[in-house]
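A.B. asks: The structure under discussion is supplied below as structure tokens; questions concerning it will follow.
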Amino acid sequence: MKIEQVALITYTIRDFIQTPDDFRQSMQKIAEIGYQAVQISGMPHDVMPATEIAAVCAENGLTICATHEPSLMILNEPEKVVERLQQLGTKYTAYPFPSDVDFSNAQSREKLIQQLDHAGSVLREAGLVLTYHNHANEFYKWDGKPALQHLIEQTSPENLLFEPDTYWVQLGGYNPVDWCKLLQGRMPLLHLKDVGVRKGNEPIMHEIGYGNLDFKSIIAAAEESGCEWYIVEQDTCPGDPFDSLKLSFDYIKANLVS
Numbered sequence: 001m002k003i004e005q006v007a008l009i010t011y012t013i014r015d016f017i018q019t020p021d022d023f024r025q026s027m028q029k030i031a032e033i034g035y036q037a038v039q040i041s042g043m044p045h046d047v048m049p050a051t052e053i054a055a056v057c058a059e060n061g062l063t064i065c066a067t068h069e070p071s072l073m074i075l076n077e078p079e080k081v082v083e084r085l086q087q088l089g090t091k092y093t094a095y096p097f098p099s100d101v102d103f104s105n106a107q108s109r110e111k112l113i114q115q116l117d118h119a120g121s122v123l124r125e126a127g128l129v130l131t132y133h134n135h136a137n138e139f140y141k142w143d144g145k146p147a148l149q150h151l152i153e154q155t156s157p158e159n160l161l162f163e164p165d166t167y168w169v170q171l172g173g174y175n176p177v178d179w180c181k182l183l184q185g186r187m188p189l190l191h192l193k194d195v196g197v198r199k200g201n202e203p204i205m206h207e208i209g210y211g212n213l214d215f216k217s218i219i220a221a222a223e224e225s226g227c228e229w230y231i232v233e234q235d236t237c238p239g240d241p242f243d244s245l246k247l248s249f250d251y252i253k254a255n256l257v258s
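Written out as structure tokens, the structure reads:
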């Protein structure tokens with residue numbers, strides 16, 4: 001992994017990108033930390049035109065490596081997603097969360113699989129790529145396999161790739177290293193998020209290197225599988241999220257990049 005492949009998802013700083021001025025200031029702070037790429041997420045579409053978002057990022061030397069777009073837009077209006085990605089100048093997006101999907105219901109999950117495959121084909125025909133971002137609920141099992149494995153097996157590798165999240169894989173009861181290996185050739189994006197335990201036996205999201213995950217093994221497996229972007233995410237931070245993002249970046253730079 002090279003330092004220029006390390007990005008962050010703006011969902012971590014979502015409270016600081018709700019106006020154009022805040023977005024500009026935040027991108028400057030991110031660049032000053034040392035990040036060279038961002039995944040755009042957590043920012044309503046009406047805050048700034050996509051072309052202006054792209055311009056601000058370019059001014060700060062930040063590549064837009066990917067986005068998260070609204071789940072229903074991806075499933076029902078993939079043509080709008082194509083237009084937005086083209087305006088942002090990025091190739092990848094991720095389906096962020098199956099909010100209306102019941103994995104215990106065969107009809108619900110089959111509909112999702114069909115819609116994802118179709119949406120991915122629309123993006124593919126435009127030279128773009130749809131990926132799937134998991135949480136823990138994708139490890140609900142049916143027919144002896146977690147939902148995420150069914151998604152992998154029942155969608156076309158041409159139409160759907162994946163953006164696994166290390167924290168949620170671990171909370172789902174699995175080893176992120178194993179899933180990086182399973183997704184060989186279908187994992188251009190990886191969310192880096194560390195897992196710790198707070199007093200009271202509850203899991204907590206940590207800065208990279210400050211929790212319990214073996215990131216050296218995770219990165220090695222991801223590289224072997226062809227990962228292009230390593231994206232830092234921390235949904236909740238103990239204080240200023242920019243401080244947490246700096247801790248993660250500094251640890252990655254000192255310990256994980258080659």
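Residue numbering for the sequence shown follows the UniProt record's numbering, starting at 1 and increasing by one per position.
All C-beta atoms in this analysis are idealised placements derived from N, C-alpha and C, irrespective of residue type, glycine included.
Do you know offhand how far Trp168's Cα is from His206's?
C.D. replies: Cα-Cα distance, rounded: 12 angstroms.
A.B. asks: By the DSSP assignment, the beta strand (DSSP E) with Ala37 in it spans what residues?
C.D. replies: Start and end: 37–40.
A.B. asks: From Gln115 to Phe97, what distance separates their C-alpha atoms?
C.D. replies: Going by the C-alpha atoms only, they are around 14 angstroms apart.
A.B. asks: Bridge partners for His133 per DSSP, in chain order?
C.D. replies: DSSP output for His133 lists Glu163 as bridge partner(s).
A.B. asks: Per DSSP, what are the beta-bridge partners of Met205 in this structure?
C.D. replies: According to DSSP, which records beta bridges pairwise, Met205 is partnered with Val195.
A.B. asks: Compute the Euclidean distance between the alpha carbons of Gln234 and Lys111, then round it to the nearest angstrom.
C.D. replies: Each residue's Cα considered, the two are about 30 angstroms apart.
A.B. asks: Cutting at 7 angstroms between CB atoms, please list the residues of its own chain near Asp117, excluding the five before and the five after it.
C.D. replies: Contacts found: Thr155, Ser156, Asn159, Leu160.
A.B. asks: Report yes or no: do three or more beta-carbon pairs, one from the segment 49–59 and one from the segment 76–96, lie closer than 8 angstroms?
C.D. replies: Yes: at least three Cβ pairs fall under 8 angstroms.
A.B. asks: Note down, in chain order, each residue of its chain lying with its Cβ closer than 6 angstroms to the Cβ of Glu138, except the 5 sequence neighbours on either side.
C.D. replies: Counting only Cβ-Cβ distances below 6 angstroms, and skipping sequence neighbours, we find Ala147, Leu148.
A.B. asks: Please report the Cβ distance between Lys80 and Val257, rounded to the nearest whole angstrom; I am assuming they are in contact, meaning their Cβ atoms lie under 8 angstroms.
C.D. replies: Incorrect: roughly 36 angstroms between the Cβ atoms, too far for contact.
A.B. asks: Using 8 angstroms for Cβ pairs, my map puts Glu163 next to His135. What's the rounded Cβ distance?
C.D. replies: The pair is not a contact, with the Cβ atoms about 11 angstroms apart (cut-off 8 angstroms).
A.B. asks: Below 8 angstroms, how does it come out for the segment 222–233 and the segment 183–190: are there three or more Cβ pairs, yes or no?
C.D. replies: Yes, the segment 222–233 is in contact with the segment 183–190.
A.B. asks: Do Val177 and Ser217 have their C-beta atoms within less than 8 angstroms of each other?
C.D. replies: Against a cut-off of 8 angstroms, the Cβ pair of Ser217 and Val177 comes out as a contact.
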